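Trainee: What follows is a single structure, and I will ask about it in a moment.
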Amino acid sequence: MIYKKIKENIFYAGMNDEDRLIFDELIPLDHGTSYNSYIVIGNEKTAVIDTMYPKFTKEYLKSFDENGITKVDYIIANHGEQDHSGSIPAMLEKFPMATVVTNAVCANNLKEMLLIPDEKIQVIKNDEELSLGDKTLQFKIAPGVHWPDTMFTFIKEDNILCTCDFLGAHFIFDDVFAVPSNELERSAKKYFAEIMMPFSTVCRKYIKQIKEMNVSMIMPSHGPIHKNPNYILDLYEDWAGEKGKNVVLLPYVSMYNSTTEMINYLSNKLAEKGIPSIKYDMVDGNLGDLAIALVDGTTIVLGTSMVLAGPHPAAFNTVYLASLLKPKAKIASFIGSYGWGGNLFGKMAEMLTPLKLDVIEPVLVKGKAKPEDFKKLDEMAETIYQKHKELELI
Ligand code: FEO
Numbered sequence: 001m002i003y004k005k006i007k008e009n010i011f012y013a014g015m016n017d018e019d020r021l022i023f024d025e026l027i028p029l030d031h032g033t034s035y036n037s038y039i040v041i042g043n044e045k046t047a048v049i050d051t052m053y054p055k056f057t058k059e060y061l062k063s064f065d066e067n068g069i070t071k072v073d074y075i076i077a078n079h080g081e082q083d084h085s086g087s088i089p090a091m092l093e094k095f096p097m098a099t100v101v102t103n104a105v106c107a108n109n110l111k112e113m114l115l116i117p118d119e120k121i122q123v124i125k126n127d128e129e130l131s132l133g134d135k136t137l138q139f140k141i142a143p144g145v146h147w148p149d150t151m152f153t154f155i156k157e158d159n160i161l162c163t164c165d166f167l168g169a170h171f172i173f174d175d176v177f178a179v180p181s182n183e184l185e186r187s188a189k190k191y192f193a194e195i196m197m198p199f200s201t202v203c204r205k206y207i208k209q210i211k212e213m214n215v216s217m218i219m220p221s222h223g224p225i226h227k228n229p230n231y232i233l234d235l236y237e238d239w240a241g242e243k244g245k246n247v248v249l250l251p252y253v254s255m256y257n258s259t260t261e262m263i264n265y266l267s268n269k270l271a272e273k274g275i276p277s278i279k280y281d282m283v284d285g286n287l288g289d290l291a292i293a294l295v296d297g298t299t300i301v302l303g304t305s306m307v308l309a310g311p312h313p314a315a316f317n318t319v320y321l322a323s324l325l326k327p328k329a330k331i332a333s334f335i336g337s338y339g340w341g342g343n344l345f346g347k348m349a350e351m352l353t354p355l356k357l358d359v360i361e362p363v364l365v366k367g368k369a370k371p372e373d374f375k376k377l378d379e380m381a382e383t384i385y386q387k388h389k390e391l392e393l394i
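Using this note's numbering, the first residue of the sequence shown is number 1, and each one after it goes up by one.
Written out as structure tokens, the structure reads:
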């Protein structure tokens, strides 16, 4: 447990989970993650903002004893997902006079997921305030970042915003305050890709609102606290923007090297035209690298071998992930090689339909690519170049 004073009567009470290697059983973590909880002590009432991942409930509760927190009046649930709400039942046992304060959607989730009784929950509306005496909490309902039940809690007198998952990162630390670094940026970007990218439009709305609030500090529920809010707000603003970068993403899987050869050829042709590409091995690669690449890529060209009569399963996995994460890519195509026949691209193109991508003519070869196939790859590179120019990326 880390227990640290943030400001007068505001404390961090969170936990580094450095052994956590993967989140949501989906994205590998570089540095584990932290679960952040905050204690706000007014001269009349004490509130705890978000609690703890259930695995660490015992240590979390012990830290209240160790740090002399003998009374909790309110448990603020910014979000119902259990990495933040999981210790609420145990908190209510330890502090039976406490009331859980949250919005109506989250209240329903807490009742369904944690069996919190109705009478222990106080439902608040957007912008409603809760007085702790000389400190006031104001609630900003923020559906979509991350769940429909998410809200932010604003500590008014201190001008601090607790943003729950929003503006967070899977990152651990000794000191709780952010020190800008490439590692922190990569972790935050990967976190954004998995958790926030599907809701980029909503992210843009809240980034604008928070910038207008001109808060002094952002305290998320994962990753470090930002004393310079614009550091994380500017990064999120870039990642959530509508326009991708002059980058082509090349996920590939190849059984006999034919597809790899074509992917390498296309990558070199794109480089000659001033377009960087990111190759991603769909079998041996780290899904986190793919997620990060999806944040920036404007074009995705997926290369796959035929397995039996369809694409390699790893290709389906990538296409499905892309369809879930809703990246800002605008253009797509396929490259592939087959031995005896089948439908290589049809189902994948169908899965990508909701992304409304501009699909360029794919290149399909039997066995190894021949001179006429390389010519088609030249044409694909030229088409991508022209489209990136039209999008003013070059
Ligand atoms: Fe960190 Fe959506 O929970």
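The C-beta atom is built at its ideal place from N, Cα and C for all residues, glycine as well. Note that the coordinates shown come from a computational prediction; the quantities given were computed from them, not determined experimentally.
How close, in whole Å, do the beta carbons of D400 and N103 come, if the pair is a contact with beta carbons under 8 Å?
Mentor: Since the first residue shown for the chain is 1 and the last is 394, residue 400 is missing from the structure and cannot be characterised.
Trainee: At what residues does the beta strand (DSSP E) containing N246 begin and finish?
Mentor: Position 246 of the sequence shown, counted from the first residue, corresponds to residue 246. Taken as a continuous stretch (DSSP letters only), the beta strand (DSSP E) holding N246 covers K245 to V253.
Trainee: Exposed or buried, I22, counting other C-beta atoms within 10 Å across all chains shown (16 or more means buried)?
Mentor: Numbered from its first residue, the sequence shown carries residue 22 at position 22. With fewer than 16 Cβ atoms within 10 Å of its Cβ, I22 is classed as exposed.
Trainee: Taking G397 as the reference, give the member of K389, T318, E112 and K189 with the closest Cα.
Mentor: No information on residue 397 is available, as it lies outside the stretch 1 to 394 that the chain covers here.
Trainee: Taking just the CA atoms, how far does V307 sit from L377?
Mentor: The sequence position of residue 377 within the sequence shown is 377, counting from 1. The sequence position of residue 307 within the sequence shown is 307, counting from 1. Roughly 22 Å between the two C-alpha positions.
Trainee: Leaving out the 5 sequence neighbours to the left and right, which residues in its chain are closer than 6 Å to D50 when beta-carbon positions are compared?
Mentor: One-based indexing of the sequence shown puts residue 50 at position 50. Cβ within range, chain order: S37, N78, H84 and S221.
Trainee: Rounded to the nearest angstrom, what separates L137 and V40 at their Cα positions?
Mentor: As a working note, residue 137 is residue 137 in the sequence shown. As a working note, residue 40 is residue 40 in the sequence shown. Straight-line Cα distance between these residues: approximately 9 Å.
Trainee: So for L29, helix, strand or coil by DSSP?
Mentor: If you number the sequence shown from 1, residue 29 lands on position 29. Correct three-state label for L29: coil.
Trainee: Using a threshold of 8 Å, state whether the C-beta atoms of L250 and V301 are closer than that.
Mentor: For the purposes of this step, residue 250 is taken as the residue at position 250 of the sequence shown. For the purposes of this step, residue 301 is taken as the residue at position 301 of the sequence shown. In contact: L250 and V301 (Cβ atoms closer than 8 Å).
Trainee: Could you give the DSSP three-state label for D281: helix, strand or coil?
Mentor: On the sequence shown, residue 281 is found 281 positions in, with the first residue counted as 1. Correct three-state label for D281: strand.
Trainee: Entirely within the region 307-340 and at least 3 residues each: give me those beta strand (DSSP E) ranges in chain order.
Mentor: At a cut-off of 3 residues, the continuous stretches assigned as beta strand (DSSP E) that sit fully inside the region 307-340 are 331-338.
Trainee: For my contact list, I394 and N268 are in at a C-beta cut-off of 8 Å; report their separation, rounded to the angstrom.
Mentor: As a first step, residue 394 is located in the sequence shown; it is residue number 394 there, counting from the start. As a first step, residue 268 is located in the sequence shown; it is residue number 268 there, counting from the start. Between N268 and I394 the Cβ distance is about 17 Å, and since that is not below 8 Å, they are no contact.
Trainee: Starting from V202, trace the beta strand (DSSP E) both ways and give me its first and last residue.
Mentor: Here residue 202 is taken as the residue at index 202 of the sequence shown, counted from 1. Looking at the DSSP string, V202 is not in any beta strand (DSSP E); the run it does join, the alpha helix (DSSP H), is S200 to M213.
Trainee: Heavy atom of ligand 1 less than 7 Å from the Cβ of W147, yes or no?
Mentor: As a working mapping, residue 147 is identified with position 147 in the sequence shown. Under cutoff, so the answer is yes.
Trainee: Let me confirm a value: V295 is counted as buried when at least 16 other C-beta atoms fall within 10 Å, else exposed. Which label applies?
Mentor: Reading the sequence shown from its first residue, position 295 is the one you call residue 295. It counts as buried.
Trainee: Check whether the Cβ of D73 lies closer than 7 Å to any heavy atom of ligand 1, and answer yes or no.
Mentor: As a first step, residue 73 is located in the sequence shown; it is residue number 73 there, counting from the start. No, the beta carbon of D73 sits no closer than 7 Å to any heavy atom of ligand 1.
Trainee: What residues in its chain sit with their C-beta under 6 Å from that of T299, if we drop five residues either side in the sequence?
Mentor: Here the question's residue 299 lines up with position 299 in the sequence shown. Only V248, I331 and I384 meet the Cβ criterion.
Trainee: Please tell me whether G336 and T304 are closer than 8 Å, where the distance is taken between their beta carbons.
Mentor: For the purposes of this step, residue 336 is taken as the residue at position 336 of the sequence shown. For the purposes of this step, residue 304 is taken as the residue at position 304 of the sequence shown. Result yes, Cβ atoms of G336 and T304 sit closer than 8 Å.
Trainee: Enumerate in chain order the residues of its own chain whose CB-to-CB distance from P229 is below 6 Å, with the five nearest sequence positions on each side excluded.
Mentor: Counting from 1 along the sequence shown, the entry for residue 229 is found at position 229. If we look at P229 and ignore the five residues flanking it on each side, its Cβ neighbours are V215 and I218.
Trainee: Express the C-alpha separation of F173 and A293 in angstroms, rounding to a whole number.
Mentor: As a working mapping, residue 293 is identified with position 293 in the sequence shown. As a working mapping, residue 173 is identified with position 173 in the sequence shown. A293 and F173: Cα-Cα distance of roughly 25 Å.
Trainee: For the alpha helix (DSSP H) that F64 lies in, which residues bound it at each end?
Mentor: The count along the sequence shown starts at 1 and reaches residue 64 at position 64. Looking at the DSSP string, the run of the alpha helix (DSSP H) that includes F64 is T57 to E66.
Trainee: Give a single yes or no on whether E261 has its beta carbon closer than 7 Å to a heavy atom of ligand 1.
Mentor: The residue you call residue 261 lines up with position 261 of the sequence shown. For ligand 1, not one heavy atom lies less than 7 Å from the Cβ of E261.
Trainee: Could you check how far apart the C-beta atoms of A47 and I76 are, in whole angstroms? I think they sit under 8 Å.
Mentor: Here the question's residue 47 lines up with position 47 in the sequence shown. Here the question's residue 76 lines up with position 76 in the sequence shown. The Cβ separation is near 6 Å, so the contact holds.
Trainee: By DSSP, does N109 sit in helix, in strand, or in coil?
Mentor: Numbered from its first residue, the sequence shown carries residue 109 at position 109. Here N109 sits in helix by DSSP.
Trainee: Tell me, to the nearest whole angstrom, how far the beta carbon of P54 is from that of G86; I am working on the premise that it is less than 8 Å.
Mentor: Taking the sequence shown and counting its residues from 1, the one referred to as residue 54 is at position 54. Taking the sequence shown and counting its residues from 1, the one referred to as residue 86 is at position 86. Rounded, the Cβ-Cβ distance is 4 Å, consistent with contact.
Trainee: Where do the N-terminal and C-terminal ends of the beta strand (DSSP E) with N182 fall, by residue?
Mentor: Position 182 of the sequence shown, counting from 1, holds the residue named residue 182. From DSSP, N182 is part of no beta strand (DSSP E) but of the alpha helix (DSSP H) over N182 to Y191.
Trainee: Any idea which residues DSSP pairs V359 with across the strands?
Mentor: What you label residue 359 is simply residue 359 of the sequence shown in a count that begins at 1. V359 pairs with A332.
Trainee: Taking K269 as part of the alpha helix (DSSP H), name the residues at either end of that continuous run.
Mentor: The sequence position of residue 269 within the sequence shown is 269, counting from 1. Start and end: S258 to E272.
Trainee: Going straight from the alpha carbon of I10 to that of I155, what length do you get?
Mentor: Here residue 10 corresponds to residue number 10 of the sequence shown, with the count starting at 1. Here residue 155 corresponds to residue number 155 of the sequence shown, with the count starting at 1. Approximately 10 Å between the Cα atoms of the pair.
Trainee: Kindly examine ligand 1 and report whether one of its heavy atoms sits closer than 7 Å to the Cβ of E93.
Mentor: Along the sequence shown, one-based indexing puts residue 93 at 93. Result no, Cβ not under 7 Å from ligand 1.
Trainee: What's the gap between the Cα of K370 and the Cα of H388?
Mentor: Counting from 1 along the sequence shown, the entry for residue 370 is found at position 370. Counting from 1 along the sequence shown, the entry for residue 388 is found at position 388. In a straight line, the C-alpha of K370 is about 27 Å away from that of H388.
Trainee: Go ahead and pull the three-state DSSP assignment for S221.
Mentor: Working through the sequence shown from its first residue, we reach residue 221 at position 221. In this structure, S221 counts as coil in the three-state DSSP scheme.
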